[in-house]
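A short worksheet on the structure shown next.
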Amino acid sequence: MTGEISVKFYPCGSVRLSKDRCTGCGDCVKLCPVNALKLEDGTVVQVGVCVVCLGCMAVCKERAIQVDVVECPEELEVDVTSKNNVNV
Numbered sequence: 001m002t003g004e005i006s007v008k009f010y011p012c013g014s015v016r017l018s019k020d021r022c023t024g025c026g027d028c029v030k031l032c033p034v035n036a037l038k039l040e041d042g043t044v045v046q047v048g049v050c051v052v053c054l055g056c057m058a059v060c061k062e063r064a065i066q067v068d069v070v071e072c073p074e075e076l077e078v079d080v081t082s083k084n085n086v087n088v
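Numbering-wise (the UniProt record's numbering), the sequence shown opens with residue 1 and increments by one.
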């Protein structure tokens, strides 16, 4: 049918970081398709809704990231406008 948009809904995630392993390289921040991660003072922090793509876990050479599936907030806003063609 013309004019219809197919939307795939994802679960939400909570990103846990091992501060002992993380080097602050920022690869996970650069890769995140929804800008859920940010590098602050050399430390990665979750600042937005994670869609559990697991790209951050895949790109982390230090294996410092764990993603847990959690209940999504009722009003879910995901920013996907600033990154395109993310490949893992």
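Each residue gets a CB set at the ideal place from its N, CA and C atoms; glycine is no exception.
{"Check": "Quick check: the Cα distance between Lys38 and Val59, rounded to an integer number of angstroms?", "Outcome": "15 Å"}
{"Check": "Starting from Leu39, trace the beta strand (DSSP E) both ways and give me its first and last residue.", "Outcome": "37 to 40"}
{"Check": "Buried or exposed: Gly13, going by 16 or more other Cβ atoms within 10 Å of its Cβ?", "Outcome": "buried"}
{"Check": "Tell me, which residues are paired with Ser14 by DSSP?", "Outcome": "Asp68"}
{"Check": "Please report the straight-line C-alpha distance between Arg21 and Pro73, rounded to a whole angstrom.", "Outcome": "29 Å"}
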